[in-house]
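Peer 1: Which chain is which? The protein sequence lines are L, W, D, A and R, in order.
Just so we're aligned, residue 234 is where the first sequence starts under the numbering used here, counting upward by one.
Just so we're aligned, residue 51 is where the second sequence starts under the numbering used here, counting upward by one.
Just so we're aligned, residue 865 is where the third sequence starts under the numbering used here, counting upward by one.
Just so we're aligned, residue 93 is where the fourth sequence starts under the numbering used here, counting upward by one.
Just so we're aligned, residue -11 is where the fifth sequence starts under the numbering used here, counting upward by one.
C-beta: ideal position from N, C-alpha, C; glycine also.
Predicted model, so just to flag it, every value in this text is computed and none were measured.
Input: one structure, supplied below.
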Amino acid sequence: MAYFLELLLNGALTGLMYSLVALGFVLIYKSAGVPNLAQGALVMTAAYVVWIFTSYGLPLWLAVLLGAVAMFALGLLVERFLLRRMVGQPVIMVVMLTLGIEILLRGLVPGILGAAPKPLNAGIGLSPVIIGDVFLNRAYIVGGVVALLLIGASLLFFRTRLGTKMRAVSDDHLASWAVGLSVERAIGLSWGIAGIAAVGAGTLWGAVQGVDWTLSALLFPAIAVVILGGVDSIAGVLLGGLLVGILGSVVPGYLDSYVGGSTRDVVTSLIILLTIMIRPYGIFGREDIERI
Amino acid sequence: MPGLVLSNVEVIYDKVFLAIKGVSLEVGEGEMVALLGSNGAGKSTTLKAISGLLGPERGQVTRGDIRFGDTDLLALGAPARVAAGLVHVLEGRRVFGHLTPDENLVAAYRAGSGRRSFDELREEVYDYFPRLRERGRSKAGYLSGGEQQMLAIGRALMTEPRLIMLDEPSLGLSPLLVQEIFGIINKINESHKLTVLLVEQNAAATLEIVDRAYLIENGQIVMSGEAATLKENPDVQEFYLGGGEHTDYRAVKHYSRRKRWLA
Amino acid sequence: MFYRQSGVYHTRYAADRALWPIPADRWQVLALAALALAAPLLVSSLYLGSYLMPWMIWTAAALSLSLLMGLAGQLHFGFAAVMAMGAYTSVHLVRAGVPFELALLGAGLFAAVIGTVFGAAALRVKGLYLVMATLAMQYLVDWVIVNVPAISGGAQATLRTPQVRFLGLPIQDLTSRYYLALGWTLLVTLFFLNVKRTSFGRALIAIRDKDFAAAVIGVDPFRYKLLAFMTSSFLGGVTGAVLAFCYYRAVTPEQFSFNVSIQLVAMVLVGGLGSAVGGYLGAGFVLIVPIVLTNLIATLGASQWIDISQNMMAHLPLIFYGAMIIGFLLWEPLGLAKIYDNTRKYFLVWPFRHSRS
Amino acid sequence: QDDTIKFALLQDFTAVYTFVTGEYNQGQQDYLTLINEEGGLDGTMFEAIVRDTGNQPQRGIEAYNRSREEGAILFDFLSTPVSRALVDQVIQDEVVLITALHGRGDASDGTTFPYVFPMMATYWSQATVLAQYIEDNGGLEGKKIAIVHIDSPFGREPIPVLEELASEKNFELRAFPYASPGNEQSATWSEVRRYRPDAVFIWGAGGGQSVSVREAIRNGIAPDSIHSVVWLAETDVANVGADVMTGVKRFEAVATGSDSPIIQRIQEKVIDAGKGAGDSANVGTTYYNIGVATMAVSVEAARLALEAHGAPLDGPKLKAGFEMISDFDADGFMPPVTITESDHQGGGSGRVGQWDGNAWVPVGDWGAAFQEIVRKEIEAGAADYREGK
Amino acid sequence: MSASENVLQCENVSRWFGGIHALKGVSVSVAQGQIYGLVGPNGSGKTTLVNCITGFYPPQEGRILFEGRQINGMKPYRIAAGGIARTFQNVALFRGMSVLDNILMGRHNFMHPNPLASLFYPWWARREEIQHREKVEEVIDLLQLESVRDEHVDVIPLGLQKRVELARALSAEPRMLVLDEPMAGMNQEEKEYMVRFILDAQESLGLTVLIIEHHMDVITAICDRTLVLNDGMALAEGPPKEAIADPAVVAAYIGRTGDAA
Ligand SMILES: Nc1ncnc2c1ncn2[C@@H]1O[C@H](COP(=O)(O)OP(=O)(O)OP(=O)(O)O)[C@@H](O)[C@H]1O
Ligand SMILES: Nc1ncnc2c1ncn2[C@@H]1O[C@H](COP(=O)(O)OP(=O)(O)OP(=O)(O)O)[C@@H](O)[C@H]1O
Ligand SMILES: CC(C)C[C@H](N)C(=O)O
Ligand SMILES: [Mg+2]
Ligand SMILES: [Mg+2]
């Protein structure tokens, strides 16, 4: 029982850590209509940026703050130079563009800053939080709290007028232009915000595993989160993250020793597949309205 | 006093396809002007050139000049043109389907000094289109065609325009709604001195309410004049007005007819 | 100019539908085919084995995928897994004593079966969701391959390809392997071109463009989506087998990893969706340009022309690969085929500027 | 000029092995520079051809063919997949492939794989050396040992040897796989903790290793009962925290640090002369030194080959040179290596090192262990290979 | 009128979308050779009814018979194969194809598309292509589309696109043709052309036609009978002039009489 609880709780926390990565994806999708497969690379870049600042001796909070500013700027730049020209293109083109960005960042950032893993100390102690016989990962608890805060902030954001405008932009670029909404600014803003979310994810994951390009591989579990929760739903990020995390922890926790291999990726893949087959738009995702 | 002036505008799609060639037209302030023409004549293209929406379709204004008051529109991006006071209601309505009508209005509203408050504007729109008030909370994508058209116009009004361009507002609407929409357009034009540039296929109804009209064929203006004069033109009668209910469709001639456009 | 259309009239429907109605095009195709055939005499074994042959094979793969993505409009980010199926099947079949020709067929068939399973997702969803679904399936297939020693070949996860004969000829030295690859690629190309001009291809394009409108004239979208997956997977499977036997001469899971799927999509997009010429150009570009660049920069670095760290230099091809994808999408979303087409059109209508007005 | 001996170091600088390649390759290049600075082998110079393969077989093959054309006679891919993909090719082309600490362990069988040289302890030998350490410090009998590994062929590699050993020495062994790349292992370690092992082996590489160490410590496993495969180095220490990690042990194939004479020479003649191939801070790190050692052995082989067969060198001569190496330890830099025609592993020696809070210190002597079991594994693998599997 | 004379018979058809009750027990009978008009305010369920008939939104209640055979519950492509062709309210052409290929697509049911055929193009597929091409050229002739035969469909004007859609439907040799607002967005001249084509096709091919239109002049001019829907229910039925003169219809749909265009 304690074992189950431990798997459950740690899984839930891990899931929130994934939510942190997934949040950026949803923010961009919900407000720009762009499926951003470069979110993993953004997380990696953010982690490198924070690392650079700390390596100059800045305290972590300042490094994170500066990192947020830098990543926001990067998001704006991505829009200015790349996405601006993709308005009105079919989804495959946009998906591929973001993959191109992902590949580019994965080359550029480690190319300039060094490919060997860098340590990033977030000052979170190693000793677990112990409740009964359940050991909880302290770093993940911090991650979970940050994730909840960011998700809450995003929920509020989309209730504001600005948020409504950004949702309008994701719905129809041309119509947005026609009523004077700056599609460019909305997309830039959404990438900027996603960049800030990436700083959260990058710092916490970087503290856990070190900073190198493998951070960009976090995209895969993040995608499972997003598909499960619904690509445009902030609440979905939360629920999807919890489910992906819990299933990805509980199932391997019981199965792995029988299978003799790690089943976590299988679980993740199956979550993606089953969701798509059973409920294509995820738990909270919106359906496409197609009128014949 | 000139409101919108197009001189010699040429638009090329996809770098190769010349859609309009040397279009010149003028819409005076407070005037209501129609742009008539058959399918593919270049009406929508002209409007998009004015509102700056050619980009996503790989179109480009390659020649000519578009001015709105003292502003050179070609130098501005689409949102800036809206800020300058002109707004384009797109063909095919294009409401934000996943947003409620209310949110559609929010999306188009821009706060700023010297601007009216959101609530005030929204009330005005709902007074024009009481039907929208009732449907204010369901997703716009599921509204009926007429309601979507109303929403599209209402949304455009939220930008407090001085010039509104409407692209085929009656497309696919029931006769009753067509009357209603035309009535409202007329009302808006009169009560706010709002300049209107109207693209329509429904020439009969259009010529009833506009002051002047341009005829565009094959990307070129072929005729223009006061609505009353145009109505009398035999070609316009034959090709645009028809006999209304009096046309005997079963007897329509089989051979291709030629347009002469004798003015 | 080169493209004289005057004097070329089509008096029969058949001629109107010919593959290369314009003589200049016909000559170009023939000349290129002759060059490809003579290649073993013309280029060194380095270029034949490391560039020309893989280019051919990847072209076949890109065309197989282009059939699905370009014609039928079904996005597929797990095509490498399908090719892996073909490669593994062929190796296991040959090891079990099945003649190579049949093993190739078997590879295609088995890949087609698996590919159709991938296609099941396409019956539910399109666009982004299909991307995700196929991606997830790629992971599943990878996992199965790695975790089932009977497939992957035990702890080392490497299966060497046995020596084989094709139609009695031993497929051993570079030249024979090259010709086999070339032959297969030409066959795929011909097939691709023919699909585009027959009712099957039209039905695929129809479901791509408007699936409900296709249904209303009697096209069963389910059936054709599945057929599209099946056909392209069949081709992909055989291509995987050809890749294994002619190029790698061993199969390992890494040869068909997720990156390879992305690379294939990049080839199709950079080349131009649904274009045969695009298949060749895209495969060549994505495959060869990063390599050429690496070598170029290595030379420059070695001769002290540029001062660049080892680390940065190593990352340059990746940077360039990403930049290339971005560049094409931004400046010519229709890919190299469109650039080729525009050039050709330019000569077609020369000396006029616009094709219509 | 034509006599220049070309070594092709075609490695993965950008993908899976970035954690090691940079330092490793730097060590290799610096060592070759050192030899050249010292006048080469009686005037014969070395040249390193360095290229990135991104760990893709495709690019590996191209780089291989190109370097072959440029005249390289020795290849090092530092990539298991690429090396595996090219084993047949190098045997056919008769050029030397070194696969130190990666690639297929059964390539130690020199009769089956005449041109492939693992030349350092394979993962099998590493596992036995670590087991021997436990045997010497408290005994294996009755112990519970957990092997926590990345779920890939590399991670699974030591399991058969350890199982064999478990039945021979009467200890309990259980394997705990985690999904690659291993940045998230909490579920696995929850299970490990409940197993209450006396010792854990962690078998991974890169970021996954630091996660393993952290998770182990977090789950109350004493640092000094953690035993790692050779891939645990300074970056992981920095990542986990130097004091937290105090006590963790690992297998060492080569001495770490800058004290060895060979590193001193490099420091003096290469680094101080500004001819180093990279950041001088890397000199003396674990992976840098491993890189140096691979080249030290290779250059020694070249020296022997030149002595016996004369210039210009080619593949077969170099191979013969390798097989003449006997008790070579690069001035104590590494365990004595003896390569014979049948044993390309060179003895399978190593030692156990421990992090003391500041540095890696050896806690045992160079030596090999349980080679009969390793040998059996090599035989079996090689036999499979000969059958064409 | 007995059921057997009726080509199409809808009985009490109902359809919901989530909470929206789009069709509430609508019954229609269309006799052989008739042109039957379907009118009503926006959102009254006209398109939904047509979608029920052609299988896109199978009705949740009621029956639909075509030539005496029950077709509700069948997939759209089977219904199409059974002899009903249609056009769409928003033009639904295959944008990646030429006009000719679009119309050729209409021949789909008579061809044998098959990947193998493509492999053996010279012998197998080519003959078939040519056979059907002749049929298609007839339709092109009938609808005067020669001039745009080789154009890409998305560069030709909307009016012509609607004509191409009609041609595609006709080349499927249907026995019943369903048209959803074929004249939306057309001016007088184009409307007249379109009417002419519809009448020509109906006469020369002996079709039964179901047409949705908001242009009352067209409806009164060419329809034999008309059904007025309102809010998912039949409001009036009968010969067009009478049906739309019904005061309830005027109030809900027509508005000021005489102004309808
Ligand atoms: N994106 C585009 N790419 C290429 N050609 C285009 C594009 N959009 C329009 N055209 C062509 O430009 C010409 C003018 O089109 P436009 O849409 O302005 O006509 P319109 O008068 O609005 O017709 P309609 O009544 O159909 O709305 C047409 O021939 C059309 O085919
Ligand atoms: N796919 C759908 N999902 C939800 N509601 C739908 C859907 N299709 C139609 N409806 C609803 O069903 C009702 C009838 O719509 P329908 O399209 O049949 O109207 P119509 O009579 O064709 O109108 P119009 O003249 O505007 O084309 C409308 O309220 C519409 O919102
Ligand atoms: C070069 C090494 C890092 C290789 C790795 N240990 C593996 O065999 O997979
Ligand atoms: Mg238009
Ligand atoms: Mg309708």
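Assuming the contact rule is C-beta atoms closer than 8 Å, residue 456/L and residue 997/D should be a hit. Round their C-beta distance to whole Å, please.
Peer 2: Counted from its first residue, the first sequence places residue 456/L at position 223. Counted from its first residue, the third sequence places residue 997/D at position 133. Contact doesn't hold; Cβ gap of about 11 Å is too wide.
Peer 1: Got a sec: which bits of the segment 252 to 272 of chain L sit with their beta carbon under 9 Å from any beta carbon on chain W, in order along the chain?
Peer 2: Of all residues in the segment 252 to 272 of chain L, none has a Cβ within less than 9 Å of some Cβ in chain W.
Peer 1: How is residue 291/L classed by DSSP in three states: helix, strand or coil?
Peer 2: Indexing the first sequence from 1 puts residue 291/L at position 58. In the structure shown, residue 291/L sits in coil (DSSP, three-state: anything other than H, G, I, E or B).
Peer 1: Cutting at 8 Å between CB atoms, please list the residues of its own chain near residue 295/W, excluding the five before and the five after it.
Peer 2: Sequence index remark: in the second sequence, residue 295/W carries index 245 (1-based). Residue placement at residue 295/W cannot be trusted, given a pLDDT of 48 that sits under 50; the coordinates are not used to answer.
Peer 1: Specify the secondary structure class of residue 242/L as computed by DSSP and reduced to three states.
Peer 2: Taking the first residue of the first sequence as 1, we reach residue 242/L at position 9. Here residue 242/L sits in helix by DSSP.
Peer 1: Within 8 Å: the Cβ of residue 42/R and any heavy atom of ligand 5?
Peer 2: Here residue 42/R refers to the residue found at position 54 of the fifth sequence. No - ligand 5 has no heavy atom lying nearer than 8 Å to the Cβ of residue 42/R.
Peer 1: Given a limit of 8 Å on CB to CB distance, which residues of the segment 310 to 321 of chain L reach chain D?
Peer 2: Those would be 315, 318, 319, in chain order.
Peer 1: Considering only C-alpha positions, which residue in the set 32/R, 91/R, 142/R is nearest to residue 256/R?
Peer 2: Limits of chain R in this structure are -11 at one end and 249 at the other, which puts residue 256/R out of reach.
Peer 1: From residue 1043/D to residue 901/D, what distance separates their C-alpha atoms?
Peer 2: Walking along the third sequence from the start, residue 1043/D turns up at place 179. Walking along the third sequence from the start, residue 901/D turns up at place 37. Rounded to the nearest angstrom, the two C-alpha atoms are 8 Å apart.
Peer 1: Can you have a look at residue 891/D and say buried or exposed, based on whether 16 or more other CB atoms are within 10 angstroms of its CB?
Peer 2: Taking the first residue of the third sequence as position 1, residue 891/D is located at position 27. Its Cβ having fewer than 16 others within 10 Å, residue 891/D is exposed.
Peer 1: With DSSP collapsed to three states, give me the class of residue 1132/D.
Peer 2: Taking the first residue of the third sequence as position 1, residue 1132/D is located at position 268. Three-state DSSP puts residue 1132/D in a helix.
Peer 1: Cα-Cα, which of 353/A, 375/A, 462/A is closest to residue 363/A?
Peer 2: Taking the first residue of the fourth sequence as position 1, residue 363/A is located at position 271. Of the listed residues, the one whose Cα sits closest to residue 363/A is 375/A.
Peer 1: Could you pull out every residue in the same chain whose Cβ sits closer than 6 Å to the Cβ of residue 96/A, ignoring the five residues on either side in sequence?
Peer 2: Within the fourth sequence, numbered from 1, the residue matching residue 96/A stands at position 4. Within the same chain, residue 96/A has close Cβ partners 137, 139.
Peer 1: Quick one: is the Cβ of residue 199/W within less than 8 Å of any heavy atom of ligand 5?
Peer 2: By 1-based counting over the second sequence, the position of residue 199/W is 149. Not under cutoff, so the answer is no.
Peer 1: Rounded to whole angstroms, what's the CA-CA distance from residue 75/R to residue 86/R? Just pull it up for me.
Peer 2: On the fifth sequence, residue 75/R is found 87 positions in, with the first residue counted as 1. On the fifth sequence, residue 86/R is found 98 positions in, with the first residue counted as 1. Distance between the alpha carbons of residue 75/R and residue 86/R is about 18 Å.
Peer 1: So residue 913/D contacts chain A; which residues on that side make the cut at Cβ distance below 7 Å?
Peer 2: By one-based count along the third sequence, residue 913/D stands at place 49. Under the 7 Å cutoff, chain A gives 157.
Peer 1: Just how far apart, CA to CA, sit residue 205/A and residue 302/A?
Peer 2: In the fourth sequence, counting from the first residue as 1, residue 205/A sits at position 113. In the fourth sequence, counting from the first residue as 1, residue 302/A sits at position 210. Computed Cα separation, rounded: 35 Å.
Peer 1: May I ask you to list, following chain order, the residues of the segment 114 to 125 of chain A that have a beta carbon less than 9 Å from some beta carbon of chain D?
Peer 2: The segment 114 to 125 of chain A vs chain D, Cβ under 9 Å: 114, 117, 118, 121.
Peer 1: Scan the segment 308 to 340 of chain A for residues whose Cβ lies nearer than 7 Å to a Cβ of chain L and list them as they occur along the chain.
Peer 2: Flagged, chain order: 309, 310, 311, 327, 330, 331, 336.
Peer 1: What's the C-alpha gap between residue 893/D and residue 887/D?
Peer 2: Here residue 893/D is taken as the residue at index 29 of the third sequence, counted from 1. Here residue 887/D is taken as the residue at index 23 of the third sequence, counted from 1. In a straight line, the C-alpha of residue 893/D is about 10 Å away from that of residue 887/D.
Peer 1: What distance in whole Å lies between the Cβ atoms of residue 348/L and residue 106/A, which are believed to be in contact at a cut-off of 8 Å?
Peer 2: The residue you call residue 106/A lines up with position 14 of the fourth sequence. The residue you call residue 348/L lines up with position 115 of the first sequence. That belief holds up - the Cβ atoms of residue 106/A and residue 348/L are roughly 7 Å apart, short of 8 Å.
Peer 1: Can you check whether the C-beta of residue 253/W is within less than 9 Å of a C-beta belonging to chain R?
Peer 2: Your numbering for residue 253/W matches position 203 in the second sequence. Residue 253/W counts as touching chain R.
Peer 1: Is any beta-carbon of chain D found at less than 9 Å from that of residue 153/A?
Peer 2: Within the fourth sequence, residue 153/A is the residue found at index 61, counting from 1. Yes, because at least one Cβ of chain D sits closer than 9 Å to the Cβ of residue 153/A.
Peer 1: Which of helix, strand or coil does DSSP assign to residue 226/R?
Peer 2: Position 238 of the fifth sequence, counting from 1, holds the residue named residue 226/R. The answer is strand: DSSP assigns residue 226/R an E or B state.
Peer 1: Is it buried or exposed, residue 194/A, if we count other Cβ atoms within 10 angstroms and call 16 or more buried?
Peer 2: Mapped onto the fourth sequence, residue 194/A falls at position 102. Flag for residue 194/A reads buried.
Peer 1: Answer with yes or no whether the minimum CB distance from residue 239/L to chain W is below 9 Å.
Peer 2: In the first sequence, the residue the question calls residue 239/L occupies position 6. No, its Cβ sits nowhere closer than 9 Å to a Cβ of chain W.
Peer 1: I'd like to know if residue 984/D contacts chain R, where contact means its C-beta is closer than 9 Å to some C-beta of that chain.
Peer 2: In the third sequence, residue 984/D corresponds to position 120, counting from 1. So, not an interface residue.
Peer 1: With distances taken between CB atoms, is the gap from residue 152/A to residue 179/A smaller than 9 Å?
Peer 2: Residue 152/A sits at position 60 when you count from the first residue of the fourth sequence. Residue 179/A sits at position 87 when you count from the first residue of the fourth sequence. Not in contact: residue 152/A and residue 179/A (Cβ atoms no closer than 9 Å).
Peer 1: Return the residues of the segment 327 to 349 of chain L that lie within a Cβ-Cβ distance of less than 8 Å from chain D, sorted by chain order.
Peer 2: Within the segment 327 to 349 of chain L, the qualifying residues are 328, 329, 330, 332, 333, 334, 335, 336, 337, 338, 339, 340, 341, 343, 344, 345, 347, 348.
Peer 1: Can the beta-carbon of residue 341/A be found less than 9 Å from the beta-carbon of residue 222/A?
Peer 2: Reading the fourth sequence from its first residue, position 249 is the one you call residue 341/A. Reading the fourth sequence from its first residue, position 130 is the one you call residue 222/A. Against a cut-off of 9 Å, the Cβ pair of residue 222/A and residue 341/A comes out as a contact.
Peer 1: Return the chain-ordered list of same chain residues with a C-beta closer than 7 Å to the C-beta of residue 63/W, the five sequence neighbours on each side being excluded.
Peer 2: Here residue 63/W refers to the residue found at position 13 of the second sequence. 69, 107, 108, 109.
Peer 1: Is there a Cβ of chain L sitting closer than 9 Å to that of residue 993/D, yes or no?
Peer 2: As a working note, residue 993/D is residue 129 in the third sequence. Closer than 9 Å: yes.
Peer 1: So residue 949/D contacts chain L; which residues on that side make the cut at Cβ distance below 8 Å?
Peer 2: For this step, residue 949/D is matched to residue 85 along the third sequence. Near residue 949/D there are no residues of chain L at all, since even the closest Cβ is about 16 Å away, more than 8 Å.
Peer 1: Taking the straight line between their C-alpha atoms, what separation do you get for residue 1219/D and residue 113/R?
Peer 2: Stepping through the third sequence from its first residue, residue 1219/D is reached at position 355. Stepping through the fifth sequence from its first residue, residue 113/R is reached at position 125. Residue placement at residue 1219/D is poorly supported in this model, since its pLDDT is 44, which falls under 50; the coordinates are not used for a value here.
Peer 1: Name the two residues that bound the continuous alpha helix (DSSP H) containing residue 1140/D.
Peer 2: Here residue 1140/D refers to the residue found at position 276 when the third sequence is read from its first residue. Here the alpha helix (DSSP H) through residue 1140/D covers 1140 to 1166.
Peer 1: Can you give me the C-alpha to C-alpha distance between residue 1004/D and residue 950/D, rounded to a whole angstrom?
Peer 2: Taking the third sequence and counting its residues from 1, one reaches residue 1004/D at position 140. Taking the third sequence and counting its residues from 1, one reaches residue 950/D at position 86. Going from the Cα of residue 1004/D to the Cα of residue 950/D covers about 16 Å.
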